[in-house]
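**Student:** Start counting at 1 in the sequence shown, then tack on 12, and there's your number in our numbering. Sharing a structure with you now.
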Amino acid sequence: MIVLFFRSLFIISCFLSLLFCQTQHDSLSINKSPKKAALSALAFPGGGQLYNGKKLKASLIMSMELYSILNWY
């Protein structure tokens, strides 16, 4: 039952990531450094998304990473 829940959560997160990547560029947006985002992502999973202000994506990435770690052992 738990495995089914996490599999469905993974599938839903994949579809949500496709929905959020289709945003239009805003002329008033502040450009952020890709280097800082990459360093944040190296520090912990989802760090680059947090740096870019995408909290939902970051939480999904972090939850999937935690799920993978817990199921490893």
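Just so it is clear, CB atoms sit at the ideal spot from N, CA and C, and this is done for glycine as well.
Please tell me whether ALA70 and LEU82 are closer than 7 Å, where the distance is taken between their beta carbons.
**Tutor:** Cβ distance not < 7 Å, so ALA70 and LEU82 don't count as in contact.
**Student:** Within a Cβ cutoff of 6 Å, which residues of the same chain sit near SER25, ignoring the five residues on either side of it in sequence?
**Tutor:** Cβ neighbours of SER25 beyond the five flanking positions: LEU72.
**Student:** Taking only three categories from DSSP, how would you classify PHE17?
**Tutor:** Three-state DSSP puts PHE17 in a helix.
**Student:** Am I right that LYS44 and ASN64 are in contact with their C-beta atoms under 8 Å? What's the rounded C-beta distance?
**Tutor:** That belief holds up - the Cβ atoms of LYS44 and ASN64 are roughly 6 Å apart, short of 8 Å.
**Student:** May I ask you to report which of helix, strand or coil DSSP gives SER45?
**Tutor:** SER45: coil per DSSP, three-state reduction.
**Student:** Along the chain, where does the alpha helix (DSSP H) containing TYR63 start, and where does it finish?
**Tutor:** From DSSP, the alpha helix (DSSP H) with TYR63 extends over 59-63.
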